[in-house]
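Peer 1: What follows is a single structure, and I will ask about it in a moment.
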Amino acid sequence: MQSGYYSATGGMVVSFNKLDTVTNNLANLNTNGFKRDDLIVGDFLRLYKDKREELPLANHTHDSAKYYNRAMDRVPHVVASYTNHLHGPLQKSDNPLDFALKRDDAFFAVKTPNGIRFTRDGAFVIDKEGTLTTKEGYPVLPANYFDNGSLITFEPEHGAPHVDSHGRIYAGGNELTQLMIAQPAEMERLEKEGNSLYKPFDERRFDILKNSNAVAQGFLEKSNVNAVSEMVTMIEAHRMLGMYQKVMDTQMNDINRDAIEKIASKS
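Structural data, given as structure tokens:
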């Protein structure tokens, strides 16, 4: 009886986690370059289907059933969370300081007080010193940053820059520098931070793409969140919460009744 209560409790925790994830996805529906998060949920049936061929005992036997009861947790739980890095739709802005990337595995690199960070939000600006920065004021890094520590700067007389598909920046008829287009070694180990930033696992373990053919000037990448899909998931999670609550109430009533009957039978 108690195992049913524990399973329902685990299901409620999973549903709350789903709601948190979906709520965050929907809150960033209009955030440039935002990537939706999702959860991997483990439960007995799912794990059984994945692992049944690895049983040390013959399938469909009493011994194999006892083995699984000992070896596997039947309570639903969140196994892991992950970020879906599929690129979002591109929106034309015609702003020469707006940039989008057409590759899922590429990022702009910026310099923050906490070190190098990656971003897919290419809505850049030029600060009062002529440096290309994010809206938060973080300098956008050039491809040769590690060679000389330089930043991307413009002179007023240069006019609007032109940037080709490889990130090479031209102004005043001359090639000034090139955007650093970073390709992380381990995408799954990127850690989300605020302001559309990602913290790499190792600030030096990434490739700099000199011929990415991925840069689109005058465009912004929108969020890859599908509002309809997220709303459906939210509704399902709410319904599951209600169902699990009813199961828990029923289980607790049964437990209390059994306890009362056992006490009464001994008195």
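Here the sequence shown is numbered in our numbering, starting from 1274 and rising by one per residue.
Even for Gly, the Cβ is constructed at its ideal location relative to N, Cα and C.
Everything numeric in this text was worked out from a predicted model, so none of it was measured.
Is R1390 helix, strand or coil when you go by DSSP?
Peer 2: Within the sequence shown, the letter at position 117 stands for residue 1390. Strand, per DSSP.
Peer 1: Determine the burial state of F1397: buried for a count of at least 16 other Cβ atoms within 10 Å of its Cβ, exposed for fewer.
Peer 2: The residue you call residue 1397 lines up with position 124 of the sequence shown. Under this definition F1397 is a buried residue.
Peer 1: Where in the region 1366 to 1453 do unbroken runs of the beta strand (DSSP E), each at least 3 residues long, occur, reported from the N-terminal end onward?
Peer 2: Whole beta strand (DSSP E) segments, 3+ residues: 1371 to 1374, 1380 to 1385, 1388 to 1392, 1441 to 1444 and 1447 to 1451.
Peer 1: In this structure, how does DSSP classify V1348 when only helix, strand and coil are distinguished?
Peer 2: Along the sequence shown, read from residue 1 onward, the residue named residue 1348 stands at position 75. Here V1348 sits in coil by DSSP.
Peer 1: With a cut-off of 8 angstroms, do at least 3 Cβ pairs link the region 1487 to 1498 to the region 1363 to 1379?
Peer 2: yes
Peer 1: Do three or more CB pairs link the region 1295 to 1308 to the region 1461 to 1478 at distances below 8 angstroms?
Peer 2: Output reads yes: the region 1461 to 1478 touches the region 1295 to 1308.
Peer 1: Bridge partners for Q1490 per DSSP, in chain order?
Peer 2: Residue 1490 sits at position 217 when you count from the first residue of the sequence shown. Beta-bridge pairing links Q1490 to F1372.
Peer 1: Does R1477 pass the burial test, meaning 16 or more other C-beta atoms within 10 Å, or should it be called exposed?
Peer 2: The residue you call residue 1477 lines up with position 204 of the sequence shown. Exposed, since its Cβ has fewer than 16 Cβ neighbours within 10 Å.
Peer 1: Can you name, in chain order, every residue of its own chain whose Cβ lies under 7 angstroms from the Cβ of Y1279, other than the five neighbours on each side?
Peer 2: Position 6 of the sequence shown holds residue 1279. These residues qualify, in order along the chain: V1348.
Peer 1: Might you give, ordered along the chain, the residues of its own chain that have their beta carbon closer than 7 angstroms to the beta carbon of A1382, omitting 5 neighbours on each side?
Peer 2: On the sequence shown, residue 1382 is found 109 positions in, with the first residue counted as 1. Only I1389, F1391, L1414, M1453 and A1455 meet the Cβ criterion.
Peer 1: Identify, in the order they occur along the chain, each residue of the same chain with its Cβ nearer than 8 angstroms to the Cβ of D1378, setting aside the five sequence neighbours on each side.
Peer 2: Numbered from its first residue, the sequence shown carries residue 1378 at position 105. The residues are H1358, Q1456, P1457 and M1460.
Peer 1: What residue does the beta strand (DSSP E) around G1315 start on, and which one ends it?
Peer 2: Within the sequence shown, numbered from 1, the residue matching residue 1315 stands at position 42. Where G1315 is concerned, the enclosing beta strand (DSSP E) stretches over D1310 to G1315.
Peer 1: For F1380, count neighbouring C-beta atoms within 10 Å of its own C-beta (all shown protein chains included) and say buried if the count is 16 or more, exposed if not.
Peer 2: Start at 1 with the first residue of the sequence shown, and residue 1380 comes out as number 107. Classification for F1380: buried.
Peer 1: Alpha carbon to alpha carbon, what distance is there between R1512 and T1404?
Peer 2: Indexing the sequence shown from 1 puts residue 1404 at position 131. Indexing the sequence shown from 1 puts residue 1512 at position 239. The straight-line gap separating the alpha-carbon atoms of T1404 and R1512 is approximately 51 angstroms.
Peer 1: Is S1496 helix, strand or coil by DSSP?
Peer 2: Along the sequence shown, read from residue 1 onward, the residue named residue 1496 stands at position 223. Here S1496 sits in coil by DSSP.
Peer 1: What are the boundary residues of the beta strand (DSSP E) that includes D1480?
Peer 2: Here the question's residue 1480 lines up with position 207 in the sequence shown. For D1480, the enclosing beta strand (DSSP E) starts and ends at F1479 to I1481.
Peer 1: Less than 8 angstroms between the beta carbons of D1371 and G1410, yes or no?
Peer 2: As a working note, residue 1371 is residue 98 in the sequence shown. As a working note, residue 1410 is residue 137 in the sequence shown. No. Outside cutoff.
Peer 1: Return the chain-ordered list of same chain residues with a C-beta closer than 6 angstroms to the C-beta of A1344, the five sequence neighbours on each side being excluded.
Peer 2: Translated into the one-based positions of the sequence shown, residue 1344 becomes position 71. Residue placement at A1344 is flagged as unreliable, the pLDDT there being 46, under the threshold of 50; the coordinate-derived value follows with that caveat. Within the same chain, A1344 has no close Cβ partners at all.
Peer 1: Once DSSP output is grouped into helix, strand and coil, what is the label at A1353?
Peer 2: As a first step, residue 1353 is located in the sequence shown; it is residue number 80 there, counting from the start. Here A1353 sits in strand by DSSP.
Peer 1: CB K1483 to CB A1416, shorter than 8 angstroms?
Peer 2: Taking the sequence shown and counting its residues from 1, the one referred to as residue 1483 is at position 210. Taking the sequence shown and counting its residues from 1, the one referred to as residue 1416 is at position 143. Using a Cβ distance threshold of 8 angstroms, K1483 and A1416 count as a contacting pair.
Peer 1: Mind checking whether M1516 and V1295 have CB atoms under 8 angstroms apart?
Peer 2: Against the sequence shown, residue 1516 aligns to sequence position 243. Against the sequence shown, residue 1295 aligns to sequence position 22. No, the pair does not count as a contact, with Cβ atoms beyond the cut-off.
Peer 1: Whole angstroms is fine: what's the gap from L1330's alpha carbon to G1283's?
Peer 2: Taking the first residue of the sequence shown as position 1, residue 1330 is located at position 57. Taking the first residue of the sequence shown as position 1, residue 1283 is located at position 10. For L1330, the predicted structure reports a pLDDT of 47, less than 50, and the residue's modelled location is therefore unreliable. A value from the coordinates is still provided. Rounded to the nearest angstrom, the two C-alpha atoms are 28 angstroms apart.
Peer 1: Alpha carbon to alpha carbon, what distance is there between S1485 and G1422?
Peer 2: By one-based count along the sequence shown, residue 1422 stands at place 149. By one-based count along the sequence shown, residue 1485 stands at place 212. C-alpha separation (whole angstroms): 22 angstroms.
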